[in-house]
Structures are given as C-alpha cells and as structure tokens.
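Novice: Have a look at the structure that comes next, please.
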Amino acid sequence: MLRGHVAPGARVWVEGAAVKVAPDGGFLIGFSRTAPPRVTIEMAAPGTLQDAPRVTHTLDVGQRDYEIQRIDGLPDAQVSPGPAALDRIARDSAAIKTARLRASDTPLFTGGFHWPLTGTMTGIYGSQRILNGAPRSPHLGVDIAAPQGTPLLAPADGVVALVHDDMFFTGKTLILDHGHGLTSVYAHMSHIRVEEGESVTAGQVIATVGQSGRATGPHLHWGVHLGGVGLDPALLAGTMPP
Ligand SMILES: [Zn+2]
769 MLRGHVAPGA RVWVEGAAVK VAPDGGFLIG FSRTAPPRVT IEMAAPGTLQ
819 DAPRVTHTLD VGQRDYEIQR IDGLPDAQVS PGPAALDRIA RDSAAIKTAR
869 LRASDTPLFT GGFHWPLTGT MTGIYGSQRI LNGAPRSPHL GVDIAAPQGT
919 PLLAPADGVV ALVHDDMFFT GKTLILDHGH GLTSVYAHMS HIRVEEGESV
969 TAGQVIATVG QSGRATGPHL HWGVHLGGVG LDPALLAGTM PP
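In the numbering used here, each residue carries its 1-based index in the sequence shown increased by 768.
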C-alpha cells in the first residue's frame, strides 16, 4: 500500500482508473497479488480541464511467487457446495462487498498497523488451491493460530463496518473501516465484542479467537482490502513480535 498526497481538488488515476482523493488531498494506492510489473499514475491539478495534460509517474512493482497447491480426486460434495450453501455464500459476499465500499473520508490508518494477534502463522497471503482441476479464490489474508478465546486487538483506529454472527465460510465475521477505502476483515471468531457503527482505537479488544465457519482449528483469518483489492496484511504490520 502507498500513501499519496496532492493539492485538495486534484485528481488521480492509477492505470487509467480514477482514485478516491479525500477532501484534504490524501489518497491510497494498493497493489494486489496480480499487480503488473509497471504501473502508471496520472495526476491533474485542481480546476484543470478534462483533456488537460496530466503529470505522469511510473512505478516498478516487485513481483512475488505464490504457493499453488493442486489436490485431485476429491469427492464432488467436498468441492462444490449445494444450492442452499451457494445461496448463503452469495448473501455473505454481498454483505462483505457493501462493507468494503464504505470508503469514509476520515483517514484513521495514519498511525500504521499492528498485528491484531500474535501466534503461529498457518496461512500466508496469495496461496491458492486447485481442487479437482478448478482454481479456488486465492487466499487474500493471513491465518494466525492461537488458543480459543485469545483476545484480538484492533490493529489501527477504525469504525466497525460489519458484524455478522454466522457466515458460511468465515463464521463470526467483523470488518473495520479505516477510511479512504481501506478495510480489514477478521474471521472465525468465538465472540465479537463491538457493534456496527462503533469507533475503535488501535489496541482495543474487538473479539476473541475461535473456529466458527469453515475452520479446522481455532485461528484468526485477517485480511486487508483497499476497495476491492486484497492487500497482504503482513506487509502493513511488518515483522510479527515474538
Ligand atoms: Zn485464511
């Protein structure tokens, strides 16, 4: 994730797509698993005409290799959820998408991000499974295993954008809005200690670790999104403290 600043009222595009610029000129750019090796950023000064020349910057984006795991010969029922489950999954993902699109103007992320939980990292960002030849969605987050009931701390200031008691995959699910389109998601918890609309401060207990939803043991799935783009939380939080 990159933070940028332009004169209030200036406009910014990344790869031709307009970026949300806050009233104070602050903006965020995020690079996902599929970011190209070179990205063009364009800027137009406040009040310039639509076709006025834009200031252009190019950025080289470091490329990473991601773990791909192929598993074949699984029983069909294990790979494809039934119609009732598909219906629930669709409703869950619509609710998550809505929460991620809130994009409030207040930049609550400026203090940086801390790890919400320390423990054993059991899943990393970007890995993907191919089950019976069908590629699944890449894992856009990190998994941290810890005992059931371990408190989870808000990694940065935010506003609670979503609380859901029982999602198909993610069980008890919480989304925090950190402003400018940046959100973070917490899944599989045993208890959620905050309510939708509530403001939280970095370090506050927001929930406890569990294994609700599809989980084989108590752990936190932690994801960070900028709009619809899934970022690697480990790059935001840095090295996990012991
Ligand atoms: Zn996960």
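Glycine included, every Cβ here is placed at the ideal spot set by N, Cα and C.
Excluding the five sequence neighbours on either side, which residues of its own chain have a C-beta within less than 6 Å of the C-beta of Gln972, listed in chain order?
Specialist: Ala922
Novice: Does the distance from the CB of His989 to the CB of Ala975 come in under 9 Å?
Specialist: no
Novice: For Pro903, which of helix, strand or coil comes out of DSSP?
Specialist: strand
Novice: His946 to Pro804, Cα distance in whole Å?
Specialist: 26 Å
Novice: Mind listing, in chain order, the continuous alpha helix (DSSP H) runs of no fewer than 4 residues lying wholly within the stretch 934-980?
Specialist: Fully enclosed alpha helix (DSSP H) runs of 4 or longer: not present.
Novice: Indicate whether Gln896 and Gln831 have their beta-carbon atoms separated by less than 9 Å.
Specialist: no
Novice: Nearest by alpha-carbon distance to Ala1002: which of Gly995, Gly991 and Gly926 is it?
Specialist: Gly991
Novice: Tell me, please, whether the stretch 904-918 touches the stretch 878-894 by the rule of three or more beta-carbon pairs shorter than 8 Å.
Specialist: yes
Novice: Rounded to the nearest angstrom, what separates Lys940 and Gly815 at their Cα positions?
Specialist: 46 Å
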